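The block underneath contains the structure these notes are about, expressed in structure tokens.
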Amino acid sequence: MVLPAMASLLKVDQEVKLKVDSFRERITSEAEDLVANFFPKKLLELDSFLKEPILNIHDLTQIHSDMNLPVPDPILLTNSHDGLGGPTYKKRRLDECEEAFQGTKVFVMPNGMLKSNQQLVDIIEKVKPEIRLLIEKCNTVKMWVQLLIPRIGDGNNFGVSIQEKAVAELRTVDSEAAFYLDQISRYYIIRAKLVSKIA
518 MVLPAMASLL KVDQEVKLKV DSFRERITSE AEDLVANFFP KKLLELDSFL KEPILNIHDL
578 TQIHSDMNLP VPDPILLTNS HDGLGGPTYK KRRLDECEEA FQGTKVFVMP NGMLKSNQQL
638 VDIIEKVKPE IRLLIEKCNT VKMWVQLLIP RIGDGNNFGV SIQEKAVAEL RTVDSEAAFY
698 LDQISRYYII RAKLVSKIA
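As structure tokens, this is what we get:
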């Protein structure tokens with residue numbers, strides 16, 4: 518039972534209520550279309566993508582790409598630092614010289630920029646939009662299920678618990694998809710660090 522003082526606070530402007538109802542109807546129709554049409558078609562599309570040769574690689578050496586990075590000649594060190602076999606060399610101070618040359622150090626790859634593995638880039642360019650689309654459509658369905666949850670006072674606790682489990686599953690799908698999207702960025706970051714170490 519709502520107290521009379523609270524009832525006056527809970528009144529919603531009619532214009533706002535109409536906009537909320539319109540939003541609810543739009544989300545409902547969009548989510549129903551997603552569940553009935555979009556997801557089954559996308560399932561078949563992704564199933565055929567999984568059968569493409571680019572993803573069915575049994576030997577990982579097939580996707581190996583040459584780094585095209587020259588290996589420098591090994592540096593031979595003489596044992597002249599003990600002072601017995603020749604003239605002694607003093608270390609020069611470079612502090613004065615460093616002030617004369619100001620600016621940014623430039624590191625250049627002898628053969629130009631190191632290119633990414635084109636096969637991996639092709640896979641990423643195909644998968645990345647699909648992950649983004651999954652996150653977007655999953656959020657729409659999650660909002661639809663949340664809008665379907667009845668108010669607490671309606672007494673349909675069993676239906677509410679099922680809907681809450683559905684929302685939890687959708688939240689899991691959303692977070693896992695975001696994790697995979699993050700892994701793509703991590704791949705490029707780790708690759709850049711490795712290239713900077715060997716270059």
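Each number in my numbering comes from the position in the sequence shown (counting from 1) with 517 added on.
The beta carbon of each residue, even a glycine, is placed where N, CA and C say it ideally should be.
The structure presented is a predicted model; accordingly, all values stated were derived computationally and were not measured.
One alpha carbon belongs to Leu551, the other to Phe540, and they sit about 16 Å apart. For the pair Ser702 and Ser565, the Cα-to-Cα distance works out to about 26 Å. In the three-state DSSP reduction, Pro646 falls in the helix class (H, G or I). When the five nearest sequence neighbours on each side are left out, the beta carbons in the same chain lying within less than 7 Å of the beta carbon of Thr657 are those of Ile544, Glu547, Ala548, Leu551, in order along the chain. Lys654 has its alpha-carbon roughly 18 Å from the corresponding atom of Asp699. Boundaries for Thr578: no alpha helix (DSSP H) harbours it, and the DSSP string shows neither H nor E there. For Ala685, the enclosing alpha helix (DSSP H) begins and ends at 674 to 715.
Counting other Cβ atoms within 10 Å of its Cβ, Lys534 stays below 16 and is therefore classed as exposed. Residue state for Glu569 is assigned as coil, using DSSP reduced to three classes. Contact check for Ala694 against Ile640 fails: the beta carbons are separated by 7 Å or more. Contact check for Ala685 against Val662 fails: the beta carbons are separated by 7 Å or more. The alpha-carbon of His581 is positioned some 35 Å away from that of Pro557. Counting C-beta atoms within 10 angstroms of its own C-beta, Lys659 has 16 or more neighbours from the protein chains shown and is therefore classed as buried. Rounded to whole angstroms, the separation of the alpha carbons of Leu527 and Pro646 is 42 Å. Straight-line spacing of the CA atoms in Gln636 and Leu567 works out to 15 Å. At the C-beta level, Val712 and Leu650 stay beyond 7 Å of one another. For Lys534, the uninterrupted alpha helix (DSSP H) segment begins and ends at 531 to 550.
If you ignore the 5 residues before and after Met584, its C-beta comes within less than 7 Å of the C-beta of Leu631, all in its own chain and listed in chain order. Out of Ile707, Leu563, Arg688, Gly676, the CA that lies nearest to the CA of Lys643 is found in Leu563.
Per the coordinates, the alpha-carbon of Leu687 lies some 14 Å from the alpha-carbon of Phe696.
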